[in-house]
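Participant: Sequential numbering of the sequence shown, starting at 195, is according to this note's numbering.
Note that CB positions come from ideal geometry on N, CA and C, so glycine has one too.
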Amino acid sequence: MAETAPPAAGPEDGRAKLVIRNIGMILSGKMEQPILDADCIICIDGKITEVGRGTEMDCGGATTTVDAMGTTLAPGLIDSHVHPVVGDYTPRQQQLGWIDSTLHGGVTTLISAGEVHMPGRPKDIIGLKAMAIASQRWYENFRPSGVKVHAGAPVIEHGMEEHDFKELAEAGVTLLGEIGLGSVKDGKTAHQMVQWARKYGIQSTIHTGGPSIPGSGLIDADMVLETGTDVIGHINGGHSALPDDQIICLCESCKQALEIVHNGNERAALLTLNTARELGKMDQIILGTDGPAGSGVQPLGILRMIAMLSSLGNVPAEIAFCFGNGNTARQRKLDTGLIETGFCADFVLMDQAQHSGGKTLLESVQLGNLPGVGMTIIDGRVTSQRSRNTPPAGRVPVIV
Ligand SMILES: [Zn+2]
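#1: Would you tell me roughly how many angstroms separate the C-alpha atoms of GLU557 and GLU512, rounded to the nearest one?
#2: List the DSSP bridge partners of GLY566.
#3: What are the start and end residues of the alpha helix (DSSP H) that includes VAL418?
#4: Nearest CA to the CA of ILE217: which residue from THR249, LYS241, LYS211?
#5: Which same chain residues end up closer than 6 Å to GLY366 when comparing Cβ atoms and leaving out the 5 residues on each side of it in sequence?
#6: So ILE235 packs on ILE242, CB below 8 Å; how close in whole Å?
#7: For TRP292 and THR399, what's the separation of their Cα atoms in angstroms?
#8: Where do the ends of the alpha helix (DSSP H) carrying GLU364 lie?
#9: When we look at the beta-carbon of PHE517 and count the other beta-carbons within 10 Å, is it buried (16 or more) or exposed?
#10: Please name the residue or residues paired with ARG215 in a DSSP beta bridge.
#11: Starting from GLU557, follow the alpha helix (DSSP H) in both directions and report where the run begins and ends.
#12: DSSP three-state call for ALA202: helix, strand or coil?
#13: Quick check on ALA232: does DSSP put it in helix, strand or coil?
#14: Do GLN397 and ALA415 have their C-beta atoms within less than 8 Å of each other?
#15: Among residues of its own chain, excluding the 5 on either side of ILE479, which ones have a beta-carbon nearer than 7 Å to its beta-carbon?
#16: So what's LYS382 in DSSP terms, helix, strand or just coil?
#17: DSSP state of GLU512, grouped into three classes?
#18: Thinking C-beta only, is THR577 closer than 8 Å to GLY566?
#19: Please determine, among GLY371, LEU436, ALA391, GLU372, the residue with the shortest C-alpha to C-alpha distance to GLY403.
#20: If you measure from the CB of HIS549, is any heavy atom of ligand 1 nearer than 7 Å?
#21: Quickly, what does DSSP pair ARG471 with across the bridge? List them, please.
#22: Alpha carbon to alpha carbon, what distance is there between ASP358 and GLY371?
#23: Whole angstroms are fine: how far does the CA of ALA328 sit from the CA of GLY551?
#24: At a cut-off of 7 Å, would you count SER489 as near ligand 1, judging by its Cβ distance to the nearest heavy atom?
#25: Suppose the cutoff is 6 Å on Cβ atoms and the five residues either side in sequence are ignored; what does the same chain contact list for LYS224 look like?
#26: Is CYS445 helix, strand or coil when you go by DSSP?
#27: With DSSP as the reference, label LEU532 as helix, strand or coil.
#28: Please indicate yes or no: does the CB of HIS428 lie closer than 7 Å to some heavy atom of ligand 3?
#29: In whole angstroms, what separates the C-alpha of HIS220 from that of LYS527?
#30: Let me know the secondary structure DSSP gives GLN579 once reduced to three states.
#31: Under 6 Å Cβ to Cβ from ASP484, same chain only, skipping five residues before and after it: list those, please.
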């Protein structure tokens with residue numbers, strides 16, 4: 195009666211316990227130790243509680259058990275640069291289901307760089323604030339296929355004052371949309387607004403490079419440096435990249451996240467990677483797609499960037515995966531993207547694609563192949579099984 199044994203985790207106490215066992219390899223998301231010596235993960239109520247050897251862990255009383263069947267588990271991938279509008283619909287390419295399709299590419303978290311494809315997007319200050327707050331709410335209240343969408347990213351316009359950023363922050367806004375997509379195109383004004391945003395805990399990003407579509411403008415290295423955002427948005431252009439010397443200058447000068455996107459210039463992506471590696475700054479590299487956009491949507495965009503950077507950039511695949519989860523988590527201060535106690539139980543389980551080269555998943559990716567996704571899990575719940583979009587995985591996990 196007075197004995198205080200720790201309560202058993204299981205359905206009897208109402209807690210959700212997920213056990214994932216028989217994991218062939220665990221990728222941690224951490225560049226300093228990308229592969230963990232473990233084969234089992236236990237999660238309670240959607241958070242990671244234990245990582246280790248299944249034979250030494252208390253796997254009883256699970257509400258859900260997944261047999262990973264020897265596949266590889268990684269933190270769910272994070273797309274640092276998307277342009278959502280509403281629900282799982284994008285007016286940009288008039289496409290439904292793009293977020294669900296992205297989940298099938300192993301992505302469990304999306305971060306908005308501005309809801310710029312909203313038809314009739316308000317550009318007056320009260321209107322843009324209202325839309326940002328509404329966007330934040332509708333993705334907080336509705337997760338397409340379970341995917342976490344951090345949205346409500348206002349595009350700054352001339353005339354905004356400090357109190358506007360304070361009001362946005364108090365209303366739940368945590369992000370600015372890409373600077374440069376609105377009327378503010380000078381470094382001095384942009385810097386002031388980024389400072390106001392930062393003061394109230396709002397992260398910022400910037401459109402680096404040439405105009406993306408008619409109506410947007412050029413942002414060069416001087417403007418990026420003067421503005422001082424938390425993320426150098428698409429340093430490899432979206433689509434048009436800056437000249438090489440400016441990209442190198444940004445890599446040398448910046449302590450912020452160096453964001454490489456799928457919808458950018460792939461040669462400039464490799465230049466960024468090689469420069470960051472020479473400078474010992476690979477931990478600043480994060481990945482996005484920049485979709486939906488003129489290039490369409492890229493359900494496999496983050497996996498494609500990992501395979502491209504690993505193969506053409508000669509980066510071990512286990513490090514390239516960190517660009518797509520752990521680095522972004524750390525730069526963006528998220529509670530997902532790393533295998534760590536207390537972090538969200540957001541995972542992707544993968545295996546080497548059938549008939550791809552290489553002896554292992556990592557070798558296959560470093561040869562430029564996509565892995566096959568076999569399952570995704572968000573907040574401890576299975577959100578998808580064998581991917582309909584990746585090449586088929588050799589082995590797929592099963593729910594026991
Ligand atoms: Zn952009």
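Facilitator: In short, the structure shows the following:
#1: Taking the sequence shown and counting its residues from 1, the one referred to as residue 557 is at position 363. Taking the sequence shown and counting its residues from 1, the one referred to as residue 512 is at position 318. Approximately 10 Å, taken between the alpha carbons.
#2: The residue labelled residue 566 in the question sits at position 372 within the sequence shown. According to DSSP, which records beta bridges pairwise, GLY566 is partnered with ASP545.
#3: The residue you call residue 418 lines up with position 224 of the sequence shown. Element bounds for VAL418: 415-421.
#4: As a first step, residue 217 is located in the sequence shown; it is residue number 23 there, counting from the start. Per the Cα distances, THR249.
#5: Counted from its first residue, the sequence shown places residue 366 at position 172. For GLY366, where only same-chain residues beyond five positions count, the Cβ hits under 6 Å are GLN330.
#6: By one-based count along the sequence shown, residue 235 stands at place 41. By one-based count along the sequence shown, residue 242 stands at place 48. That pair is a contact at about 6 Å.
#7: Here residue 292 refers to the residue found at position 98 of the sequence shown. Here residue 399 refers to the residue found at position 205 of the sequence shown. Put simply, the backbone Cα of TRP292 is about 23 Å away from that of THR399.
#8: Reading the sequence shown from its first residue, position 170 is the one you call residue 364. In the DSSP assignment, GLU364 falls within the alpha helix (DSSP H) that extends over 356-364.
#9: The residue given as residue 517 occupies position 323 in the sequence shown. Classification for PHE517: buried.
#10: Looking up residue 215 in the sequence shown gives position 21. Residue pairing by DSSP puts ARG215 in a beta bridge opposite ASP261.
#11: One-based indexing of the sequence shown puts residue 557 at position 363. GLU557 -> alpha helix (DSSP H) spans 555-560.
#12: Within the sequence shown, numbered from 1, the residue matching residue 202 stands at position 8. Note on ALA202: pLDDT 45, under 50, position unreliable in the model; no value is reported.
#13: Along the sequence shown, one-based indexing puts residue 232 at 38. ALA232 falls in the coil class under three-state DSSP.
#14: Indexing the sequence shown from 1 puts residue 397 at position 203. Indexing the sequence shown from 1 puts residue 415 at position 221. No.
#15: In the sequence shown, residue 479 corresponds to position 285, counting from 1. Cβ contact annotation for ILE479 (same chain, cutoff 7 Å, sequence separation greater than five): LEU452, ILE454, LEU467, ALA470, PHE517, ASN521, in chain order.
#16: Here residue 382 is taken as the residue at index 188 of the sequence shown, counted from 1. In the structure shown, LYS382 sits in a helix (DSSP, three-state: H, G or I).
#17: Numbered from 1 along the sequence shown, position 318 holds the residue referred to as residue 512. In the three-state DSSP reduction, GLU512 falls in the helix class (H, G or I).
#18: Taking the first residue of the sequence shown as position 1, residue 566 is located at position 372. Taking the first residue of the sequence shown as position 1, residue 577 is located at position 383. Contact flag unset, no.
#19: Here residue 403 refers to the residue found at position 209 of the sequence shown. The shortest C-alpha separation from GLY403 is found at LEU436.
#20: Along the sequence shown, one-based indexing puts residue 549 at 355. For HIS549, the Cβ stays outside the 7 Å cut-off from all heavy atoms of ligand 1.
#21: For the purposes of this step, residue 471 is identified with residue 277 of the sequence shown, where counting begins at 1. DSSP lists no partner for ARG471.
#22: Looking up residue 371 in the sequence shown gives position 177. Looking up residue 358 in the sequence shown gives position 164. Answer to the nearest angstrom: the Cα atoms are 15 Å apart.
#23: The residue labelled residue 551 in the question sits at position 357 within the sequence shown. The residue labelled residue 328 in the question sits at position 134 within the sequence shown. Each residue's CA atom was taken as its position, placing GLY551 and ALA328 some 47 Å apart.
#24: Looking up residue 489 in the sequence shown gives position 295. Checking the Cβ of SER489 against ligand 1 gives no.
#25: As a working note, residue 224 is residue 30 in the sequence shown. Excluding positions up to five away in sequence, the list reads GLY520.
#26: Taking the sequence shown and counting its residues from 1, one reaches residue 445 at position 251. The answer is helix: DSSP assigns CYS445 an H, G or I state.
#27: As a working mapping, residue 532 is identified with position 338 in the sequence shown. Under the three-state reduction of DSSP output, LEU532 falls in the coil class, being neither helix nor strand.
#28: This structure simply doesn't include ligand 3; it includes ligand 1 instead.
#29: The sequence position of residue 220 within the sequence shown is 26, counting from 1. The sequence position of residue 527 within the sequence shown is 333, counting from 1. In the sequence as displayed, the identity of residue 220 is Ile instead of His. Spanning the alpha carbons of ILE220 and LYS527 requires a straight line of approximately 22 Å.
#30: Counting from 1 along the sequence shown, the entry for residue 579 is found at position 385. Coil at GLN579, not helix or strand.
#31: Counted from its first residue, the sequence shown places residue 484 at position 290. These residues qualify, in order along the chain: HIS275, HIS428, GLY432, VAL455, ASN457.
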